Every structure is written in C-alpha cells, then in structure tokens.
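In the working numbering, the protein residues as written are 773 to 1152. Read through the structure below, which is laid out as structure tokens, and then see the notes.
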Ligand SMILES: Cc1cc2nc3c(=O)[nH]c(=O)nc-3n(C[C@H](O)[C@H](O)[C@H](O)COP(=O)(O)OP(=O)(O)OC[C@H]3O[C@@H](n4cnc5c(N)ncnc54)[C@H](O)[C@@H]3O)c2cc1C
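Written out as structure tokens, the structure reads:
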C-alpha cells in the first residue's frame, strides 16, 4: 500500500539523513561498537547538518518545525542503517520537548543553542536500581536549601549516560507527596558530586553508552528546576506519548527492513536443490510477516499524522508502542530462523537487529505497562 504521509520535502530530508549516515556514521560505527560509545564529533556533525533540535524554534538554533514526520524519517533511516548508538531520536524527540516545552526563557537561552549544534548532549534519568516501571518508588531526593537543592541518589540504565552534558533527573522534592512530590532537576556535566558509574555491558546497541549515574550531595541551583515544582509526574505523562511513538516508529521500520533482507535471502539461499523461497512454509512465513507489517504500518502512519496535527493521545501511543515493538521482536526472531546458522552470526544484519531491537519492548515503558495504561482507560 502506498504511504501517504510524506511530501517531497520529507523525502528530500530523507536523502540528507542517508547522506549523513553514509559519511558521518557508517564508516565509524564498528569502532564505536568496540568503544561502547559514539564519538562527540558525530554529534557535532549532526548539529551542523541540521539534524538536532528539529522542533526547537529557529531563534535558538533549531529547525523550527513541529512536524513530527521529520522525526519519523530520521528514526526510520537510523533503524534501517542499524545504527541506534547515535541516539539522535532520544535527544530530539524524547528530551527536546522537555526543554522546549518547560524551560524558562533564561534556560532556553542557556541550553538550546548547544542542544542544536551538538555541543550539549542530553539524557533523561528516571530509572533507579529499585524503580523502573513504578516511578513512584523513586528514592533519589533533593532537599531545599534556599537558593539551591542538595541532591542525593542514583540512577541506572541511562542512555547517553557517559556522554551527556545535561541530565534531566527525576527526584523527590516533597517526600510525602507520592507521585506529586517529584520534580525535574537539571544536572550539568562537571557539577561536584555528580559521578558516572559503569558504561553497562549490554547484549545489543553496543555503541550506545548506557550508564549508571550517582549523585552525592550535588548542589543544584534553583535556576535548574525544569517545569513546575512537584510537577514531574504530569510533565512525564505529557511527554511520554511522543517517546513511545518515536520508539514505535523505529520498531515498524526495523521490522520492515528485516523482512526485506530476509525476502532477498530466501530467494538466494538453496536447500534440497531449490531456493528456500519455493517452499510453502517459507512463503507463508514471509506472507504472514508482510501482512502484519502492512497492517501495523497503516496504524503507525495514522499515529504520526495525528501527532503532527496536534498530539497523539497517551492510549493510542501505548497501543502503537507495545504492538509495533512486539511485532519487531517476533519478526526479528522469525527472520533469524529463516537465515539458519548465518542468522546467529554477528556479522549478519539480522543477528544485529535481533539483539539491538530486543530492548524495544522494555524501555520507554514495557509492553505490560502499555497494556496497563490501555486497560485502565477502558476499565478504570
Ligand atoms: C538499554 C536501556 C536503555 C534505557 N534508557 C533509559 C533512559 O535513558 N532513562 C531512563 O530513565 N531509563 C532508561 N531505561 C530503563 C527502562 O525504561 C526500564 O528498564 C523499564 O522501564 C523497566 O523497568 P525495570 O527494568 O526496573 O523493570 P521492572 O519494572 O522491574 O519490571 C520487570 C518486569 O515486570 C513487569 N511489570 C512491572 N510492573 C508490572 C505490572 N504492574 N503489571 C505487570 N507487569 C509488570 C515489567 O513489564 C517487566 O516485564 C533503559 C533501559 C535499558 C535496558
């Protein structure tokens, strides 16, 4: 089915992204996977190319477009290239809205130009060793000391954790406030008492620096409160829809790409004297996956449109997230099986997609939590 959501401008942007990947990312990616982190030069190059801060107003150095289709193109192309390590989507689509939507004028002037030129890499730190799905269990806390807070606690699994220059930390500011006692505090690189732990050893996304963060009596100036005091929960709920859509967009692009690769593979590979593609079981596998991808693509494109037209609802975003990421996981597993032993070799794109993609049903809210949100909306 022909896709209808992109104009010539979006397709021209796709060419820019492809050229950027070919020049600035793919030649270095293997090395970044060995290093466990991408180079800061790549972030600078992305800034120079206009790939950072797509939705940030032009006066702060951004692209000035709230059309989410550009973000979708970026996510699709990075997924197809198999390069999730350079986490532009996290920076643009997940963290960007907190800064553009909640920052004061002074904060915008302080942070957004660097956000857009690639000199200021960002992270968001919600998860803790004892609190992932259940954010109310957060123990990191900040005590009010007049013109500043004293922040103590730790976070884990933080994407861009090693490279980040600016971390939005979810912390308890009112101990007895429950979900409504949490605030967003911005901690900047070099602040005394802010330390990074291990760059965590993951089964996939090897070039992505995912780290532990520690805060020991960190002095956070009051000017670094982002949004409302005790308002973090509402701010998170507002912005999580875009985060989930962004993950879902990458998921369907990943599934489609795997299907393309595998379709070619089964046409080439022979067994029992004939191509695999001639066997009914293989044909049914491909037919089923193609159908599931096509149906999912239709819903996802509708979600992207809806979001570009003013904002996707939390329930629709949850549906898109769990459905598309579970599809990606299923397709990755089936495509790997169709590659036989070669599918298990790291040098094959299908093997890398299998491990890189596995996290998709977990971060940004697990499949189970997405179903909880949907269930709550229907059943109370
Ligand atoms: C590579 C990677 C990158 C990440 N990046 C970030 C980041 O940048 N910032 C950040 O803050 N976090 C990040 N995370 C953390 C991620 O969001 C959490 O891992 C995720 O939310 C799940 O939390 P948890 O790991 O504590 O699992 P748990 O919450 O302990 O869940 C364990 C299992 O129990 C299930 N479960 C939990 N509650 C329920 C329930 N009520 N009903 C049914 N099932 C339930 C879950 O679905 C899951 O299957 C990242 C994680 C990884 C691995």
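All C-beta atoms in this analysis are idealised placements derived from N, C-alpha and C, irrespective of residue type, glycine included. Owing to the predicted nature of the structure, the values given are computational and were not obtained by experimental measurement.
Check: Could you compute how far the alpha carbon of residue 864 sits from the alpha carbon of residue 1043?; Outcome: 46 angstroms
Check: From the DSSP secondary-structure annotation, give me the bridge partner or partners of residue 944.; Outcome: 913 and 954
Check: Could you tell me the alpha carbon to alpha carbon distance between residue 1010 and residue 1132, rounded to whole angstroms?; Outcome: 20 angstroms
Check: Would you call the region 1017-1036 and the region 956-975 in contact, with 3 or more CB pairs under 8 angstroms?; Outcome: no
Check: Could you check whether the Cβ of residue 980 sits closer than 8 angstroms to any heavy atom belonging to ligand 1?; Outcome: yes
Check: Between the beta-carbon of residue 867 and the beta-carbon of residue 940, is there less than 9 angstroms?; Outcome: yes
Check: So, under 8 angstroms CB-CB, residue 1003 and residue 984 are touching, yes? Tell me the CB distance rounded to an integer number of Å.; Outcome: Residue 1003 to residue 984, Cβ: 26 angstroms. No contact.
Check: Just to confirm before moving on: does the CB-CB distance between residue 997 and residue 1089 stay below 9 angstroms?; Outcome: no
Check: Taking residue 871 as the reference, which of 883, 862 and 861 has the closest Cα?; Outcome: 883
Check: Which residues in the same chain have their Cβ closer than 8 angstroms to the Cβ of residue 880, if we skip the five residues on either side of it in sequence?; Outcome: 832, 871 and 872
Check: Using the three-state DSSP reduction, which class does residue 897 fall into: helix, strand or coil?; Outcome: strand
Check: Put residue 1049 into one of helix, strand or coil per three-state DSSP.; Outcome: helix
Check: Cβ-heavy atom distance between residue 971 and ligand 1 below 8 angstroms?; Outcome: no
Check: Would you say the beta carbon of residue 929 comes nearer than 8 angstroms to a heavy atom of ligand 1?; Outcome: yes
Check: Three Cβ pairs or more, each shorter than 8 angstroms: is that satisfied between the region 822-829 and the region 1100-1108?; Outcome: no
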